[in-house]
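First up is the structure itself, then whatever we jot down about it.
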Amino acid sequence: MESRALYGGAISCTVAKTFLDASQVRQIPDNQEVFVDTVTQQSLIIELLEPVEAQDEAIARFHFEQLARDNDAVSAEIQNIQRAPAETTTPRLPPSTTIVHVLRGSQKVAKFDEAKKMAYNTVEIMMAVVRLEQVSTDLVISINAPVLVAPGSSDQQEAGTTILSVEEHMQQALHQLQVNDWSLFG
């Protein structure tokens, strides 16, 4: 794991060394930072979004359901949502104005045009929604880990991928998440 500068250094976060910055190979929207692991086919996406009009667990549920729509998922299931204490989960952020929800779920999605071949992969999703109340922003971190690759998919199954390693990656990313320049938010 290593600290990575995000949004021009305004935010920093720990990312596994094997994850490559996707902006080096494709266009990424300004509100996102995207990293991909070419070995495990996992992706880590950090997004700065306007806060949704929801409270408590509904915040994470909304973002997960939006991700399922964006992914054209044929199914999406939430296994667990929990509020995490900001003081220990994101210790580098102000705890009095930070709310953290962590969600674990799965989606059946196809890559690119592989839906035509019915090549729907089962992808475990670990998502953290960090509500930064003082700047009216939902910072959403999602780690997508293919766990069941369909025949005909361009993804390759990596035997070493475990949900435990995905959870550990998320915990480390949250623990090291830091805003270095609050003027990023306007």
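Per the numbering used here, the sequence shown starts with residue 199, numbered consecutively.
Even glycine gets a Cβ: it sits at the ideal position worked out from N, Cα and C.
If you draw a 10 Å sphere on the C-beta of Gln305, you find 16 or more other C-beta atoms in it, and that means buried.
Distance check between Gln370 and each of Phe260, Thr287 and Phe262 places Thr287 closest, using alpha-carbon atoms only. Rounded to whole angstroms, the Cβ separation of Val307 and Asp270 is 7 Å, and the two are in contact under 8 Å. Secondary-structure assignment with DSSP links Asp270 through no beta bridge to anything. Of the residues Leu247, Asp228 and Thr335, the one whose Cα lies closest to the Cα of Thr296 is Thr335. Taking each of Val321, Glu331 and Gly207 in turn and checking the Cα distance to Val272, the smallest one comes out for Val321. Between Ser210 and Gln332, the C-beta spacing is not below 8 Å.
If you draw a straight line from the Cα of Ala208 to the Cα of Glu366, it is about 24 Å long.
Cβ contact annotation for Asn342 (same chain, cutoff 7 Å, sequence separation greater than five): Gln240, Ser241, Val321 and Ile323, in chain order.
Put simply, the backbone Cα of Leu291 is about 30 Å away from that of Pro344. Scanning its chain for C-beta atoms nearer than 6 Å, with the 5 sequence neighbours on each side dropped, one finds around Glu231 the residues Leu204 and Ile244, in chain order.
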